[in-house]
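Only one structure is covered here, and it is reproduced in the block below.
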C-alpha cells in the first residue's frame, strides 16, 4: 500500500510539473520547508494526515455550523436528509467559497503577494452571514495557527503572525489550513480535498450527537461522501479566489437562527 501511495504522489507531481488541468498550475509552487531538525524537507503524506485528524484540538467538536438548528426544526431527520445536506454544502459552499482561501495561498504566496491572500480571506469572512459562524471559523483558525506553530516552529510564521495580530488577516480555518499545507509542500488539489474531508467529518460527527444514527452508519456515509471531494474541486478549480460564491441560503438561515435555540449542544 505504501508503494502505491508513493506512485500516486509521483504521478500527480508529474502532472503538476506540466501545469495540466483544473487549476493545478498553482499546485507545484508550494514552498519548501526550511532545513531544521525534524523539518519535513519534502511533502510527506503522514505529516499532512495529522492535520486532518478529527481529534485535532482546534475546536471543531464544539461547532455544528447550523446543523443543530436543522435537526431541532425536524428538517434533517434521516440519513438521506443528512447526505443531501452535506452534498449541498460541499458543492455550494465549502468548495466554492472556503476552499478559495486555500487557493489564494497557493496562487499568491509564490509571488510574495501576501496582502492579496489576506484580502481574499477577509472577503470570504465578511460574506458569512451568521455571527456565530464567523466567530467559529476564526477561533478554529487561530487555534490551528497556535497548534501548527508548536508542531512546525521552523516554518516562516513572522509574516502571518504580524498580519493576524494587526487585524489585516482574519486567520480563518480555511486560510490557516492552506497556509500550513503550502509550507508543508502539500499539492494544492490534495490540500483542498483534505480541507473538504475535515468539513465532511466534522459535519457527520456532529450529526452522530444530534440524530438517531450509529457509528457504523456514520462511517458508511463518510465512505459514500468522501469520493465527491474530487468532483467538487474539479467543478470549482478554475475559479479565481475573488470569484468565490455560495448558494446555500437555507443553511445560512439555520446558522443565523442557531443563537435563538432554547437549548444547544454546540456553539454554532
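In UniProt numbering, the protein residues as written are 1 to 268. Backbone N, C-alpha and C define an ideal beta-carbon position, used for all residues, glycine too. Given the structure is predicted, the values throughout are model-derived calculations rather than measurements.
If you check the CB distance, residue 172 and residue 125 come in under 8 Å. Taking a contact as a CB-CB distance under 8 Å, the pair residue 229 and residue 208 does not count as one, their CB atoms being some 20 Å apart.
Judged by beta-carbon spacing, residue 176 lies beyond the 8 Å limit of residue 59, meaning their Cβ atoms are not closer than that value. No Cβ-Cβ contact shorter than 8 Å links residue 162 with residue 259. By the Cβ test, the region 73-93 is not in contact with the region 103-121, since fewer than three Cβ pairs between them sit closer than 8 Å. For the region 43-97, the continuous alpha helix (DSSP H) assignments of 4+ residues that do not extend past its boundaries occur at 45-52, 67-72, 79-89, in sequence order. DSSP, read as helix, strand or coil, puts residue 212 in coil. Counting only the Cα atoms, residue 185 lies some 30 Å from residue 88. Close CB contacts of residue 65 within its chain, under the 7 Å cut and outside five residues either way in sequence, are with 133, 136, 255, 268 (chain order). Note on residue 156: under 16 other CB atoms within 10 angstroms of its CB, so exposed under the neighbour-count rule. Distances from the alpha-carbon of residue 121 to those of 84, 79, 44, 170 put 170 closest. Taking 8 Å as the cut-off, the beta carbon of residue 71 is found closer than this to the beta carbon of residue 210. With 16 or more other Cβ atoms inside 10 Å of its own Cβ, residue 187 counts as buried. Separation of residue 238 and residue 206 (C-alpha to C-alpha, rounded to the nearest whole angstrom) is 31 Å. Under a 10 Å Cβ-count criterion, residue 151 is classified as exposed, with fewer than 16 other Cβ atoms of the shown protein chains found around its own Cβ. Note on geometry: alpha-carbon atoms of residue 107 and residue 212 lie some 43 Å from one another. Residue state for residue 152 is assigned as coil, using DSSP reduced to three classes. Within its own chain, the residues whose Cβ lies closer than 6 Å to the Cβ of residue 236, once the five positions on either side in sequence are excluded, are 95, 96, listed in chain order.
In the three-state scheme derived from DSSP, where H, G and I count as helix and E and B as strand, residue 167 is classed as coil. DSSP, reduced to helix, strand and coil, places residue 113 outside both helices and strands of the structure shown, so it counts as coil. Relative to the Cα of residue 99, the nearest Cα in the group 69, 123, 85, 84 belongs to 123.
A straight-line Cα-Cα distance of about 12 Å links residue 179 and residue 48.
Residue 226: not part of any alpha helix (DSSP H); DSSP gives it neither H nor E. Cβ contact annotation for residue 130 (same chain, cutoff 6 Å, sequence separation greater than five): 255, 256, in chain order. Residue nearest to residue 142 within the set 128, 164, 252, 127 is 164 (criterion: CA-CA distance). Counting only residues of its own chain and dropping the five nearest sequence neighbours on each side, residue 216 has no CB closer than 8 Å to any other CB.
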